[in-house]
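Step one of this worksheet: look at the structure below.
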Amino acid sequence: MLPSCGPSRNVFDVPPPSTTLQRDDRRFELRSATELRSVSSTVLATARNLFPPVIEQAVFLGTGAFLDPGCATQQSGTSFRWSGVACTVGAGTLVNAFLVVPETLTGFTALIAPGQFVRVSGYEIERFVDFSRGGGFWLDGGDDGTTGQVSLWVTDVCVE
1408 MLPSCGPSRN
1418 VFDVPPPSTT
1428 LQRDDRRFEL
1438 RSATELRSVS
1448 STVLATARNL
1458 FPPVIEQAVF
1468 LGTGAFLDPG
1478 CATQQSGTSF
1488 RWSGVACTVG
1498 AGTLVNAFLV
1508 VPETLTGFTA
1518 LIAPGQFVRV
1528 SGYEIERFVD
1538 FSRGGGFWLD
1548 GGDDGTTGQV
1558 SLWVTDVCVE
């Protein structure tokens, strides 16, 4: 069971990944190594077995108009979509959050389930740099503050 949220967004004192930390041939470039980002919403769906494989889980989160029964939402791993006028009538947020989990929190995000109102916090990953032969980088596509995608080096997951 996930713990209830408190004021801290880094209750486990998770440091940002070092610039040389490499997982599965990938390193992480952070938006900021000092600021944490949080997303809080109702869990609509979760997905595993993603690309890049260092992402442990995608958590599809929505609030407001995106929870209206007339709004159809769908997550397919690292992509998502919505349709229906109900999605745009009122305010709301829709975010597909990609979670990279430090070793100290391994398995913790498996407790996230659809229907919960959760807060996920972490250091925002700007891009995943691929150090394999001929590798490049992968970006999550970003967000505009209300809809989009965000990648996080997880520091806390809790139920609000």
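Residue numbers (our numbering): 1408 to 1567.
Even for Gly, the Cβ is constructed at its ideal location relative to N, Cα and C.
Taking C-beta separations shorter than 8 angstroms and ignoring five residues to either side along the sequence, the partners of residue 1458 in its chain run 1484, 1485 and 1545, following chain order. Less than 8 angstroms divides the Cβ of residue 1515 from the Cβ of residue 1564. In the displayed model, residue 1552 falls within coil according to three-state DSSP, outside both helix and strand. Cβ neighbours of residue 1524 within its own chain (closer than 6 angstroms, five residues either side excluded): 1449 and 1567.
If you look at residue 1453, you'll find it in the beta strand (DSSP E) that goes 1444-1454. Looking at 1434, 1451 and 1417, the one whose alpha-carbon comes closest to that of residue 1519 is 1451.
Bounds of any alpha helix (DSSP H) do not take in residue 1498, whose DSSP letter is neither H nor E. In the three-state scheme derived from DSSP, where H, G and I count as helix and E and B as strand, residue 1473 is classed as helix.
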